[in-house]
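Q: Residue numbers (my numbering): 731 to 817. Backbone N, C-alpha and C fix where the C-beta goes; we use that ideal spot for every residue, glycine too. Sharing a structure with you now.
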Amino acid sequence: RTMLAVASNAVWCGYSLHGKKQKAKLCNLKIFRLIKCAVKTSLPDSTDKDIEVQIMEVLKHAPQKVRREVIAQHRATQMEAHFSEED
Numbered sequence: 731r732t733m734l735a736v737a738s739n740a741v742w743c744g745y746s747l748h749g750k751k752q753k754a755k756l757c758n759l760k761i762f763r764l765i766k767c768a769v770k771t772s773l774p775d776s777t778d779k780d781i782e783v784q785i786m787e788v789l790k791h792a793p794q795k796v797r798r799e800v801i802a803q804h805r806a807t808q809m810e811a812h813f814s815e816e817d
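Next comes the structure, spelled out in C-alpha cells:
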C-alpha cells in the first residue's frame, strides 16, 4: 500500500529493485529508502529483507495490474457507450 500511495502501478512498471531487464534501479533512489523507512515505522518488526521481498513483489506484479486496469477501463467505456446508445 505504501508504494501505491507514492506512485501508480504504471510508474512501477519501469523499475526493478536492482535494475534488471533494462529497467531503472529502485534501490539507488531516495524513494526506496523512504518507503523502507515508512514500512519500518508502521511495522517495526519488519526486516530489510522482508521489506525488499515485498517491494520486489509489487514491482513484479505491476505490469499485470496495469493490464487488468486497462481492460477494466475499456469494458467500462464499452458499457457506457452501449447504455448511451439505448437512450
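(1) Quick check: what's the CA-CA separation for residue 746 versus residue 800?
(2) Is DSSP giving residue 776 helix, strand or coil here?
(3) Would you tell me roughly how many angstroms separate the C-alpha atoms of residue 770 and residue 753, rounded to the nearest one?
(4) Note down the Cα distance separating residue 793 from residue 811, rounded to an integer number of angstroms.
(5) Kindly indicate which three-state DSSP category residue 738 falls into: helix, strand or coil?
A: So, from the data block:
(1) So the alpha carbons of these two residues sit roughly 22 Å apart.
(2) When DSSP states are grouped into helix, strand and coil, residue 776 belongs to the coil group.
(3) 26 Å
(4) 27 Å
(5) coil
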